Amino acid sequence: MTAYTNEDEVPCRGDYTEDARHRRLAWLRQQSGAPLLSLQESRIEAKTLRGNLENFVASIEVPVGLAGPMLFRGGAVQGMVAAPLATTEGALVASVTRGARAITRAGGVSTHVIWQRMVRAPVFEFNGISQAAEFALWVSAQRVPLAAEVLAVSQHSNLVDVDPVQLGRVVHVRLVYETGDAAGQNMTTIATWRACQWLQDRLSEPGLPAPVWFAIEGNLSGDKKLSVLNRIGGRGSRVVAECLIDHDTLRHVLKTTARSIDKTWRAAEHAAQFGGMSLADVDVANVVAAMFLTTGQDVACVHESSAAMFTTEEREEGLLTTLVMPNLVVGTVGGGTRLPQQNDYLAAMGCVGEGSSRRLAEIICGFALALDVSTAAAIAAGHFADAHERLGRPNRVDWLRPDSINAELLTPLLAERFEQPTLVIDELVVLGDEVRSSLLTEAVGAAENRKLTGLVPLRIAYSVPGADMTVVDLMLKVKPLDSEVIIEVGKIASLLGGDVAEQYSQWRQSTGFKDTHTRELAVYRNANKAMLQVMPELYGLAEDPSREIYAVLLERLGTDVILADSRRPSEDWKPHHLHSAIEGIASVHAAWLGREEELISAGWLGEIQTAHRAGLMRPLWKALIEHNSEVYPAWIAADDSRRLTEIVDTIPHWWPQIEQAPRTLVHGDFNPRNIALRAADLSLVAYDWELATLHLPQRDLVELMAFVLTPEATADEVVELVERHRHAVGYDVDTGVDSWFEGYRLALWDFTTTRLQLYMMANTHQELPFLDEVVRTSMHLLALEAQS
Numbered sequence: 021m022t023a024y025t026n027e028d029e030v031p032c033r034g035d036y037t038e039d040a041r042h043r044r045l046a047w048l049r050q051q052s053g054a055p056l057l058s059l060q061e062s063r064i065e066a067k068t069l070r071g072n073l074e075n076f077v078a079s080i081e082v083p084v085g086l087a088g089p090m091l092f093r094g095g096a097v098q099g100m101v102a103a104p105l106a107t108t109e110g111a112l113v114a115s116v117t118r119g120a121r122a123i124t125r126a127g128g129v130s131t132h133v134i135w136q137r138m139v140r141a142p143v144f145e146f147n148g149i150s151q152a153a154e155f156a157l158w159v160s161a162q163r164v165p166l167a168a169e170v171l172a173v174s175q176h177s178n179l180v181d182v183d184p185v186q187l188g189r190v191v192h193v194r195l196v197y198e199t200g201d202a203a204g205q206n207m208t209t210i211a212t213w214r215a216c217q218w219l220q221d222r223l224s225e226p227g228l229p230a231p232v233w234f235a236i237e238g239n240l241s242g243d244k245k246l247s248v249l250n251r252i253g254g255r256g257s258r259v260v261a262e263c264l265i266d267h268d269t270l271r272h273v274l275k276t277t278a279r280s281i282d283k284t285w286r287a288a289e290h291a292a293q294f295g296g297m298s299l300a301d302v303d304v305a306n307v308v309a310a311m312f313l314t315t316g317q318d319v320a321c322v323h324e325s326s327a328a329m330f331t332t333e334e335r336e337e338g339l340l341t342t343l344v345m346p347n348l349v350v351g352t353v354g355g356g357t358r359l360p361q362q363n364d365y366l367a368a369m370g371c372v373g374e375g376s377s378r379r380l381a382e383i384i385c386g387f388a389l390a391l392d393v394s395t396a397a398a399i400a401a402g403h404f405a406d407a408h409e410r411l412g413r414p415n416r417v418d419w420l421r422p423d424s425i426n427a428e429l430l431t432p433l434l435a436e437r438f439e440q441p442t443l444v445i446d447e448l449v450v451l452g453d454e455v456r457s458s459l460l461t462e463a464v465g466a467a468e469n470r471k472l473t474g475l476v477p478l479r480i481a482y483s484v485p486g487a488d489m490t491v492v493d494l495m496l497k498v499k500p501l502d503s504e505v506i507i508e509v510g511k512i513a514s515l516l517g518g519d520v521a522e523q524y525s526q527w528r529q530s531t532g533f534k535d536t537h538t539r540e541l542a543v544y545r546n547a548n549k550a551m552l553q554v555m556p557e558l559y560g561l562a563e564d565p566s567r568e569i570y571a572v573l574l575e576r577l578g579t580d581v582i583l584a585d586s587r588r589p590s591e592d593w594k595p596h597h598l599h600s601a602i603e604g605i606a607s608v609h610a611a612w613l614g615r616e617e618e619l620i621s622a623g624w625l626g627e628i629q630t631a632h633r634a635g636l637m638r639p640l641w642k643a644l645i646e647h648n649s650e651v652y653p654a655w656i657a658a659d660d661s662r663r664l665t666e667i668v669d670t671i672p673h674w675w676p677q678i679e680q681a682p683r684t685l686v687h688g689d690f691n692p693r694n695i696a697l698r699a700a701d702l703s704l705v706a707y708d709w710e711l712a713t714l715h716l717p718q719r720d721l722v723e724l725m726a727f728v729l730t731p732e733a734t735a736d737e738v739v740e741l742v743e744r745h746r747h748a749v750g751y752d753v754d755t756g757v758d759s760w761f762e763g764y765r766l767a768l769w770d771f772t773t774t775r776l777q778l779y780m781m782a783n784t785h786q787e788l789p790f791l792d793e794v795v796r797t798s799m800h801l802l803a804l805e806a807q808s
């Protein structure tokens, strides 16, 4: 047996200094053999933790998201409040926010703290049950003198009840306190010790039963445990929250009905009874745990504090929802509430100062109700699983990770590019520049963070025998699977619920995202001369399906281009810039125009939209238009919504015209997020070809105009750009559709009823700063088209 030595102990016991923290960290590194680099720095000063923690070694960060805001009409809180939730559970903040939006739209949540209690239960043993009974009778009458003793050691502890519970010759004495703004575990422990000393002194007097043994806590307090006794008698704050949600809000925000939620929840209540659950709620613990972390509460009390009873009642006006939380153990002074960040989050909710613990309790209960309402609605509408879907994999995959970006991966690509089989990468540096990903990659990266996706800027030094070393700056674009993209977009749709969720689930393979991971690589492989002239220079393609690697190695666009990822396209893009972009993409359109059969039979563009499928998908686009019109009335006016719906209704009449007209390869995502101009000659550089497809050439023009023009654009400006594009393509207006302008009209209709609606759906999940003007410009272009 190995002897235990001082080296086995954590060093610097009782030392609250930064030097002591580093010595403990060094000890932990030695013990574990792990580098523990992330623990090197801590934002918390060691000296501030005395009384909160021993052997301080480091701190952790948990991401915090803002849910809400939500309207409160409570006893201790009124007005709009946002809740900081510390969590790593995807869709939680979004779901709470959806519930908060519904409750606010319905008039707000009523909240009230019925009482606040903290319990300690010392235990006394006597020689027999008669002495125990005598003591129980006597001690129940001692509240007043005991309360005086308690006040002598804790002015914030108010003893409100003395409740003896005899179990044979043992008596547990439940001392019930009010503790003001503190949760009260520590102060009531001190107060209870003083009370026990007083009892011991009194019980030593003649004529009173003397205990043979006592302990300050006999476990009847239910500290940090779920207890039926405390559920009835009280421990923590007993809080209630209520909201009557009207039918209109249920339909438009929660995408379901009062009857559907009520029926679903009654079945859940029966299951809770049969399963022996203490109480029935949906997922209150998510909010309790998340807010306990952000506000410095005792996280060990999450279990008992999450006890809750959620009820629903279908009424003529809508659905009455109620949440009762009998044991919410919270405070706004003492403990972890003193830590700087936790105190800031309390301040952000107005939970500092006298009476603030009641406010915090009501806020937690209100947002817990919001989550229960949102989740119950999702279950009732059949959208709950969609919001939590992940791509299933039968086997472990050796994904590409940051440390996989190395010479082994990239040398074959460069060797093939330069036709130099002996090429050697001498140095490879991943640059720390801030780079963006496409919207699709961003959506997946947020959910599937176990694998590397997105843009990786590189500086590579390579050499071949007999030549000097060459240094190039490149960009590696690592693509997510199409199935990952489809799932993540589906999660957004599921949170919207109703017809949007249902229709997207049915048509999610046909919204343009299928094959995105292979399509971009295929576009580069099959690029003709016209395409190569407008693409970034290609240095290689990496494709390994077994590892889910689909990557493109390109030149890194730097100071040699302008307008890359323009943040204010309608201001930054001048007319001559727009003309250059139109003429550049027109060369691609001209090269492929009329070669539909060739592109379709080759198969590398993936699934191509058809008139038949477009007609079947009308319910999806109508659902999105209805939703987006309600959520963004400033962007889509009532007249615009009606016009868009009419266009969708007539898809069977006009989409066949698209199918019958000469089509071409289009970029499919042709906007300032994905294009730039060479500074030297203003020639086009178009990247992110993952949505390339077969369509009318005007489809790219329409999207560019929607992003670059403004809602004040004139009909003459539009005509000039459409004509410029026609001339650049070299299109004969006497063939195909009646005129080039008819093709523009059809492309505009298709863009505004499909891709634009998907952009707006995505905006409910992640704000797209450019979208406001894009939508308003698109509606303006529709109005101009109608006038013509």
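Residue numbers (our numbering): 21 to 808. C-beta atoms are modelled at their ideal positions from N, C-alpha and C, and glycine is treated no differently. On a predicted model such as this, the values are computed, not experimentally measured, just so you know.
For the alpha helix (DSSP H) holding residue i, just list the boundary residues, first then last.
{"i": "Asp720", "result": "Gln718 to Val728"}
{"i": "Thr797", "result": "Leu791 to Gln807"}
{"i": "Gly763", "result": "Trp760 to Thr773"}
{"i": "Arg874", "result": "Nothing can be reported for residue 874: it is not among the residues displayed for the chain, which extend from 21 to 808."}
{"i": "Tyr544", "result": "Thr536 to Arg545"}
Write down the C-beta distance between residue i and residue j rounded to the nearest angstrom, noting that I regard them as a contact closer than 8 Å.
{"i": "Leu240", "j": "Arg286", "result": "35 Å between Cβ atoms; not a contact."}
{"i": "Ser298", "j": "Val248", "result": "7 Å"}
Is the separation between the beta-carbon of residue i and that of residue j shorter than 8 Å?
{"i": "Thr536", "j": "Leu664", "result": "no"}
{"i": "Phe790", "j": "Pro565", "result": "no"}
{"i": "Ala397", "j": "Gly517", "result": "yes"}
{"i": "Val259", "j": "Met345", "result": "yes"}
{"i": "Ile399", "j": "Thr284", "result": "yes"}
{"i": "Ile384", "j": "Val350", "result": "yes"}
{"i": "Val116", "j": "Ala156", "result": "no"}
{"i": "Gly238", "j": "His192", "result": "yes"}
{"i": "Ser62", "j": "Arg41", "result": "yes"}
{"i": "Arg214", "j": "Ala172", "result": "yes"}
{"i": "Leu644", "j": "Val520", "result": "yes"}
{"i": "Val572", "j": "Ile605", "result": "no"}
{"i": "Thr107", "j": "Ala327", "result": "no"}
{"i": "Ser377", "j": "Asp181", "result": "no"}
{"i": "Met138", "j": "Thr199", "result": "yes"}
{"i": "Val491", "j": "Phe533", "result": "no"}
{"i": "Thr784", "j": "Ala726", "result": "no"}
{"i": "Asn691", "j": "Glu723", "result": "yes"}
{"i": "Thr314", "j": "Leu105", "result": "yes"}
Can you tell me which of the three DSSP states residue i falls into?
{"i": "Thr68", "result": "helix"}
{"i": "Trp641", "result": "helix"}
{"i": "Val450", "result": "strand"}
{"i": "Gln786", "result": "coil"}
{"i": "Pro485", "result": "coil"}
{"i": "Pro692", "result": "coil"}
{"i": "Leu515", "result": "helix"}
{"i": "Asp564", "result": "strand"}
{"i": "Ile399", "result": "helix"}
{"i": "Met90", "result": "strand"}
{"i": "Val572", "result": "strand"}
{"i": "Val393", "result": "helix"}
{"i": "Glu237", "result": "coil"}
{"i": "Asn347", "result": "strand"}
Looking at the secondary structure, which residues open and close the beta strand (DSSP E) in which residue i lies?
{"i": "Arg744", "result": "Note, Arg744: premise wrong, no beta strand (DSSP E); alpha helix (DSSP H) at Ala735 to Val749."}
{"i": "Lys497", "result": "Thr490 to Val498"}
{"i": "His596", "result": "That residue, His596, is in no beta strand (DSSP E); its alpha helix (DSSP H) goes Pro595 to Trp612."}
{"i": "Gly635", "result": "Element bounds for Gly635: not the beta strand (DSSP E) but the alpha helix (DSSP H), Ala631 to Leu636."}
{"i": "Leu193", "result": "Sequence check: residue 193 is Val here, not Leu. Unbroken beta strand (DSSP E) run through Val193: Val190 to Glu198."}
Could I get the ranges of all uninterrupted beta strand (DSSP E) runs contained in the stretch 109-188, with 3 residues as the minimum, in chain order? 130-140, 143-145 and 178-187
Can you list, in chain order, the stretches of the alpha helix (DSSP H) that have 4 or more residues and sit fully within the stretch 243-325? 248-253, 267-272, 278-295, 304-315 and 322-325
Jot down the residue ranges of each uninterrupted alpha helix (DSSP H) in the stretch 657-681, minimum 4 residues, whole runs only, in chain order. 658-669 and 671-680
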